[in-house]
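Let me begin by presenting the structure, written as structure tokens, before commenting on it.
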Amino acid sequence: GRLSGPLAAKIIITLICFRFLRKWVLYKIDFGVFKNAIKLAIPLIISAYAYIPIQSLDRIMLERLNNTSELGFYSIGSQIAGFLLLAFMALFQAFEPDFYKHLIYNNIKKLGTNIFFFVGFLVIALLIFLFTSSALLELLTSGKYTRAYTYANIIALGSTITVLVSLVSSIILANERTKLASLITYIGGLCSLFIYPILIKLYQFKGAAYGRIVIPLLMLITGLLVLYIRDNSLLKKHL
Numbered sequence: 010g011r012l013s014g015p016l017a018a019k020i021i022i023t024l025i026c027f028r029f030l031r032k033w034v035l036y037k038i039d040f041g042v043f044k045n046a047i048k049l050a051i052p053l054i055i056s057a058y059a060y061i062p063i064q065s066l067d068r069i070m071l072e073r074l075n076n077t078s079e080l081g082f083y084s085i086g087s088q089i090a091g092f093l094l095l096a097f098m099a100l101f102q103a104f105e106p107d108f109y110k111h112l113i114y115n116n117i118k119k120l121g122t123n124i125f126f127f128v129g130f131l132v133i134a135l136l137i138f139l140f141t142s143s144a145l146l147e148l149l150t151s152g153k154y155t156r157a158y159t160y161a162n163i164i165a166l167g168s169t170i171t172v173l174v175s176l177v178s179s180i181i182l183a184n185e186r187t188k189l190a191s192l193i194t195y196i197g198g199l200c201s202l203f204i205y206p207i208l209i210k211l212y213q214f215k216g217a218a219y220g221r222i223v224i225p226l227l228m229l230i231t232g233l234l235v236l237y238i239r240d241n242s243l244l245k246k247h248l
């Protein structure tokens with residue numbers, strides 16, 4: 010039931026989008042273009058599955074600690090931080106077309122300005138969330154689960170880094186380097202298999218929350234290294 014709601018909404022939105030697109034777009038299937046698109050998409054599809062342990066492995070391992078009460082606090086904090094991530098990703102999707110445009114036309118000044126305002130907004134919104142999360146949790150849970158804000162704050166920081174990972178990936182994808190972009194997620198998924206067990210063993214529930222910071226941070230570092238080492242021409246050209 011929880012999953013069917015978003016599914017129904019996406020189906021409705023998809024139908025509405027197709028209805029509007031019919032006014033401006035003439036559909037024609039070009040199998041040559043389709044074949045090239047599939048080649049570009051396959052690494053991204055595989056990387057989407059590699060992202061599953063990053064988002065889910067922590068709760069799977071925490072459940073085995075048999076502390077359902079604390080798991081409830083963790084889940085609530087994670088869900089609240091997830092709302093912040095959703096808002097950040099929506100903002101990123103609003104900026105993303107401009108990022109691509111400036112990258113393609115090598116307009117470094119406008120690209121830098123957009124990135125500055127985008128990252129600045131993320132930082133300000135994150136700080137506001139950190140200072141108000143306790144009151145927000147008290148309001149939303151009628152004071153019953155206010156302590157979940159400690160987890161929400163930690164995971165919110167990780168969510169902000171995750172959006173920065175998307176920003177770096179967009180720079181790579183703008184040049185159709187899908188394999189390099191997928192490499193970031195592959196490494197994140199692989200690292201999660203080791204980082205979550207270690208941090209949860211050491212710090213239990215807070216360790217899992219710290220993992221939500223460490224893993225995207227490693228992904229961000231990987232993305233920057235990909236730009237600098239594996240594809241230095243992109244870094245010189247665009248940044």
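The numbering of the sequence shown is the working numbering, which starts it at 10 and goes up by one.
For each residue, glycine too, the CB sits at the ideal point set by N, CA and C.
- Under the criterion of beta carbons closer than 8 Å, ASP67 and TYR158 do not qualify as touching, at roughly 18 Å.
- In this structure, the alpha-carbon of ILE133 lies about 31 Å from that of LEU199.
- In this chain, the alpha helix (DSSP H) harbouring GLY14 covers 13-33.
- The three-state reading of DSSP puts ARG156 in helix, counting H, G and I together.
- Ranking LEU202, TYR154, LEU208 and GLY232 by CA distance to the CA of SER78 puts TYR154 first.
- For TYR195, the three-state secondary structure derived from DSSP is helix.
- By the CB criterion at 8 Å, TYR160 and TYR83 fall inside the cutoff.
- Going by beta carbons, PHE108 and LEU100 fall outside the 8 Å limit.
- Rounded to the nearest whole angstrom, the CA to CA distance from PHE138 to LEU131 is 10 Å.
- One thing to note: LEU202 has its Cβ no nearer than 8 Å to the Cβ of TYR219.
- In the DSSP assignment, ASN123 falls within the alpha helix (DSSP H) that extends over 117-149.
- Between MET98 and VAL172, the alpha-carbon positions lie close to 6 Å from each other.
- Distance from the Cα of LEU146 is smallest, within the candidate group SER87, ARG28 and LEU35, for SER87.
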